[in-house]
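In what follows, a structure is listed as structure tokens, so that the remarks can point back to it.
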Amino acid sequence: MPPLEILARDAGSRARAGILRTAHGEIRTPAFVPLATKATVRGLVPAEVAALGFDIVLGNTFHLFLDPGHELIRSFGGLHEFMGWRGPIVTDSGGFQVFSMGHGTVADEVKGRSAFGSERHGRVLAIEEDGVTFRSYIDGSERFMAPETSMAIQAALGSDLALVFDECTPFHVDRDYTARSTERTHRWLDRCLDWHDANGPAEQLVYGIVQGGVLEDLRVESAQTIAASRCDGIAIGGSLGAEKEQMYEVVGWTTAALPEERPRHLLGIGEIDDLVRGVELGIDSFDCAMPTRLGRHGMALVPDPEKRWRVDLAKARWRHSDEPLLEGCPCAACAQGWTRGYWHYLTRNRELTGQRMLTLHNLAFVQRVVARLRDGLLSGDLAGVAAAIRGGATP
Ligand SMILES: [Zn+2]
1116 MPPLEILARD
1126 AGSRARAGIL
1136 RTAHGEIRTP
1146 AFVPLATKAT
1156 VRGLVPAEVA
1166 ALGFDIVLGN
1176 TFHLFLDPGH
1186 ELIRSFGGLH
1196 EFMGWRGPIV
1206 TDSGGFQVFS
1216 MGHGTVADEV
1226 KGRSAFGSER
1236 HGRVLAIEED
1246 GVTFRSYIDG
1256 SERFMAPETS
1266 MAIQAALGSD
1276 LALVFDECTP
1286 FHVDRDYTAR
1296 STERTHRWLD
1306 RCLDWHDANG
1316 PAEQLVYGIV
1326 QGGVLEDLRV
1336 ESAQTIAASR
1346 CDGIAIGGSL
1356 GAEKEQMYEV
1366 VGWTTAALPE
1376 ERPRHLLGIG
1386 EIDDLVRGVE
1396 LGIDSFDCAM
1406 PTRLGRHGMA
1416 LVPDPEKRWR
1426 VDLAKARWRH
1436 SDEPLLEGCP
1446 CAACAQGWTR
1456 GYWHYLTRNR
1466 ELTGQRMLTL
1476 HNLAFVQRVV
1486 ARLRDGLLSG
1496 DLAGVAAAIR
1506 GGATP
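Position in the sequence shown (first residue = 1) + 1115 = the working numbering.
Written as structure tokens, this is what we have:
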């Protein structure tokens, strides 16, 4: 039986709602996946994450490989047991982190920051057909990651969804580089699937990753190649462009070329407007650092499209404000009845309580957005829900 059951489709877009079945339970889609990068959703315990309505979290292969090591986690019975999250877990492949060390991120490139290369950030020493040699950002030791290594780590972690190891193509490269890089990703896909067939946990679902940069023919070709493989699901990765409209275009080319029946994950994207558009383009799941990272830096999500759904509580203008963070917000943080003045004070002093509770509020906000989109799909009114969210309705 295919892992994804589609329950409803939107007549006006490619959106669908469904249930994705894994060894550790069901994921209601569309779904947002909070990051548990280093085996914890920072500041929260698993029961709180589950109570917010999230079905799945994402662990990071690269970071857990370096610290504490996948063999140690295996000795504790795998990542679920180690961190006490008994629901579904997806692990990324480490490809993004490994290649980010060499190229910097798209944001780095767009802003003209050079690629890393300091000991502090680690360093890529060699990218070869066999795999990538890099220097650990933790202790400077030389490490190697190949497609097979990534799959072996993810097998040891025991995640429910594993992502294949890909070459994350940088943004500012020419067509020839992008084409060669995408072809390597396809060869690495075969190696990942071969390793998994021979050694991987039978119940672990494997997602291939579509690359191809921002070039339509390469994206479509990559989508078709991944779809023709025996992977269980399909993730969309790599550089999606410098601006939102370009990103939507790239995602649109990709989902148009994908088969309906397999689940689709959009890697590293999750701003509020991106979630709405991503769902319309036929994405089933998203992961993004945004809500948790913002929460640790004093930024709260509020229904204000003009300000990218954010309010910066560190701003002095809130010092005397007796406004609530968000009127009527049902989350546990807002239930404290705190004023923006108090949030400002907590933020300015980097109080753990503020960081933790703001993480909770932001995740609750994102989850309500995604839940409303799903409800809209199931009730046949996605267009109405999408318009309301875009217009600044409180989810
Ligand atoms: Zn709240």
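Built from N, CA and C at the ideal position, the CB exists for glycine as well.
Is the beta carbon of CYS1449 within less than 7 Å of some heavy atom of ligand 1?
-> The sequence position of residue 1449 within the sequence shown is 334, counting from 1. True, at least one ligand heavy atom lies under 7 Å from that Cβ.
Which stretch, first to last residue, makes up the alpha helix (DSSP H) that contains ILE1171?
-> On the sequence shown, position 56 is the one that residue 1171 refers to. Element bounds for ILE1171: n/a, residue is neither H nor E.
Hey, how far is the Cα of GLY1237 from the Cα of ILE1253?
-> One-based indexing of the sequence shown puts residue 1237 at position 122. One-based indexing of the sequence shown puts residue 1253 at position 138. If I take the Cα positions, the gap works out to 8 Å.
Cross-strand partners of ALA1165 (DSSP beta bridge) = Residue mapping note: residue 1165 aligns to position 50 of the sequence shown, counting from 1. ALA1165 pairs with nothing; no bridge assigned.
If we count Cβ pairs, one from each stretch, closer than 8 Å, do we get three or more for the stretch 1137 to 1146 versus the stretch 1393 to 1409?
-> yes
Return yes when the Cβ of ALA1372 is within less than 8 Å of the Cβ of VAL1329, no when it is not.
-> Your numbering for residue 1329 matches position 214 in the sequence shown. Your numbering for residue 1372 matches position 257 in the sequence shown. Cβ distance not < 8 Å, so VAL1329 and ALA1372 don't count as in contact.
Best match in ALA1138, ILE1268, ILE1204 and MET1405 for proximity to ARG1189 [C-alpha to C-alpha] | Start at 1 with the first residue of the sequence shown, and residue 1189 comes out as number 74. Looking at the Cα atoms, ILE1268 is the closest of the given residues.
Who are the near neighbours of ARG1131 in its chain, counting only those whose CB is closer than 6 Å to its CB and skipping five residues on each side?
-> Mapped onto the sequence shown, residue 1131 falls at position 16. Once the five neighbours on either side are set aside, the close Cβ partners of ARG1131 are ILE1121 and ARG1124.
With C-beta atoms as the reference, is LEU1320 less than 8 Å away from LEU1179?
-> For the purposes of this step, residue 1320 is taken as the residue at position 205 of the sequence shown. For the purposes of this step, residue 1179 is taken as the residue at position 64 of the sequence shown. No. Outside cutoff.
First and last residue of the alpha helix (DSSP H) that includes LEU1440?
-> Counted from its first residue, the sequence shown places residue 1440 at position 325. Here LEU1440 belongs to no alpha helix (DSSP H), and DSSP marks it neither H nor E.
Around the C-beta of LEU1187, are 16 or more other C-beta atoms found within 10 angstroms, so that it is buried, or is it exposed?
-> Your numbering for residue 1187 matches position 72 in the sequence shown. Per the 10 Å Cβ criterion, exposed.
For the candidate residues THR1293, ALA1126, VAL1365 and ALA1138, whose alpha-carbon lies nearest to that of GLY1202?
-> Locating residue 1202 in the sequence shown gives position 87, where the first residue counts as 1. Comparing Cα-Cα distances from GLY1202 to each of THR1293, ALA1126, VAL1365 and ALA1138, the minimum goes to ALA1138.
Can you give me the Cβ contacts of GLU1224 inside the same chain, cut-off strictly under 6 Å, excluding the 5 residues immediately before and after it?
-> Start at 1 with the first residue of the sequence shown, and residue 1224 comes out as number 109. Confidence at GLU1224 is low in this model, with a pLDDT of 46, below 50, so the placement of that residue should be treated as unreliable; the coordinate-derived value is given next. Around GLU1224: PHE1286 and HIS1287.
Please list, in chain order, all residues of the same chain as GLN1339 whose beta carbon is under 8 Å from its beta carbon, the five residues on each side excluded.
-> By 1-based counting over the sequence shown, the position of residue 1339 is 224. Within the same chain, GLN1339 has close Cβ partners ALA1372.
Once you ignore the five residues that flank GLY1232 on each side, which residues in its own chain have a CB closer than 7 Å to its CB?
-> Residue numbering aside, residue 1232 sits at position 117 when the sequence shown is read from its first letter. Only weak support is given to the placement of GLY1232: the predicted model assigns it a pLDDT of 42, under 50, and the value that follows is read from those uncertain coordinates. ARG1238.
TYR1292, DSSP secondary structure in three states | If you number the sequence shown from 1, residue 1292 lands on position 177. In this structure, TYR1292 counts as helix in the three-state DSSP scheme.
Assign LEU1330 to one of three DSSP states: helix, strand, or coil.
-> Reading the sequence shown from its first residue, position 215 is the one you call residue 1330. Residue state, collapsed to three classes: coil.
Whether VAL1164 touches PRO1149 by CB criterion (8 Å) | Locating residue 1164 in the sequence shown gives position 49, where the first residue counts as 1. Locating residue 1149 in the sequence shown gives position 34, where the first residue counts as 1. A contact, by the Cβ cut-off of 8 Å.
Every unbroken alpha helix (DSSP H) within the stretch 1394 to 1435, with a cutoff of 4 residues, ordered by chain | 1405 to 1411
Go ahead and label ARG1411 buried or exposed: buried means 16 or more other beta carbons lie within 10 angstroms of its beta carbon, across all protein chains shown.
-> As a first step, residue 1411 must be located in the sequence shown, where it is residue number 296. Flag for ARG1411 reads buried.
Return yes when the C-beta of HIS1476 is under 7 Å from any heavy atom of ligand 1, and no when it is not.
-> If you number the sequence shown from 1, residue 1476 lands on position 361. Because some heavy atom of ligand 1 lies under 7 Å away, the Cβ of HIS1476 counts as near it: yes.
Quick one: is GLU1282 buried, meaning 16 or more other Cβ sit within 10 Å of its Cβ, or exposed?
-> One-based indexing of the sequence shown puts residue 1282 at position 167. Burial call: buried.
GLU1234 to ARG1258, Cα distance in whole Å?
-> Indexing the sequence shown from 1 puts residue 1234 at position 119. Indexing the sequence shown from 1 puts residue 1258 at position 143. Residue placement at GLU1234 is poorly supported in this model, since its pLDDT is 44, which falls under 50; the coordinates are not used for a value here.
On the three-pair Cβ rule with 8 Å, is the stretch 1361 to 1377 touching the stretch 1403 to 1420?
-> no
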